[in-house]
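Position 78 of the sequence shown, counting from 1, maps to 77 under numbering that gives the first Met the number 0, and the rest follow consecutively.
For each residue, glycine too, the CB sits at the ideal point set by N, CA and C.
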Amino acid sequence: MNRQAQVGQTLAIVGASGHGKVVAEAALAAGWGAVEFYDRAWPGKRQVGRWAITGDDAALLSALSRLDGVVVAIGNNQIRLDLLTQLRQAGAKVVSILHPKACISGSADVGVGTVALAGVVVNADAVIGSGAILNTACSVDHDCILGEAVHISPGAHLAGDVRVGDRSWVGIGASVRQGVRIGSGAMVGAGAAVVSDVADGLTVVGVPARPL
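Shown next as structure tokens:
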């Protein structure tokens, strides 16, 4: 798990969106001293909420030496993973943001670049891959294994020993039965109840969840 922020440290957030604002507030609650936003839409877009957007990708790369951490706050799983890879190759100090009201087991393994928002619960021996989004009040139970750049949406719940492949998305309010395997690049619809395995690239919806 990543080092904790120190008072006065500056975090760069890539992605000036609603999700970016939530990540910024989580970072400040976790002890970061200041946040700066970077977005490819700059200079056409100059503001996100109460924060000014500092610059674009080029500006971020030129600022890496003075920044204390970088996190990617982009909802698209593939884009987030690609940017994380590029930033790490460029020498950026990619960090995770764990809201102080998230409950993360001491035996869980949380990959770099992960965001865990308020109300999240991650239980014993869960493994969270790099670049995951654990959104508001979701839960990941014991022995689950999540791949890279997975998004578990608000209020979604994974029972014990669930596997979720790289870049998959579990929609808001969905539930996944113990021991289920969800492949890579899959999508689980909002409110779905997943009781059987989901193949790579498949979208499932409904109760019980079936291919769309």
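A distance below 9 Å separates the beta carbons of Ile132 and Gly74.
Shown here for Ser106: same chain residues with a beta carbon closer than 7 Å to its own, the five before and five after excluded, namely Ala123 and Asp124 in chain order. Under the DSSP definition of a beta bridge, Ala158 lacks any partner. DSSP lists Val69 as the beta-bridge partner residues of Val93.
Between Val71 and Leu82, the CB-CB gap stays under 9 Å. Val94 has its alpha-carbon roughly 27 Å from the corresponding atom of Ala158. Spanning the alpha carbons of Leu145 and Phe36 requires a straight line of approximately 27 Å. Take Ser129, set aside five residues on each side of it, and the residues of its chain with a beta-carbon closer than 6 Å to its own are Gly110, Val111, Gly112 and Glu147, in chain order. Judged by beta-carbon spacing, Asp199 lies within the 9 Å limit of Ser183, meaning their Cβ atoms are closer than that value. When DSSP states are grouped into helix, strand and coil, Gln177 belongs to the coil group. According to the DSSP secondary-structure assignment, Trp50 is paired through a beta bridge with Val47. Residue burial is scored here from C-beta neighbours: Gly164 has at least 16 other C-beta atoms within 10 angstroms and is therefore classed as buried.
Non-local beta-carbon contacts of Val161 in its own chain, meaning distances under 6 Å to residues more than five positions away in sequence, involve Cys143, Val175 and Val179 in chain order.
Going by beta carbons, Gly48 and Ala23 fall inside the 9 Å limit. The alpha-carbon of Ile171 is positioned some 29 Å away from that of Lys44. Comparing C-alpha distances from Arg79 to each of Gly14, Ala62 and Gly190 shows the shortest one belongs to Gly14. In the three-state DSSP reduction, Ser61 falls in the helix class (H, G or I). Taking every protein chain shown into account, the CB of Val194 has fewer than 16 other CB atoms within 10 angstroms, so this residue is exposed. Leu66 and Ala11 have their C-alpha atoms some 7 Å from each other.
Here Ala28 has His98 and Pro99 as same chain residues with Cβ atoms under 7 Å from its own Cβ, once five neighbours each way along the sequence are excluded.
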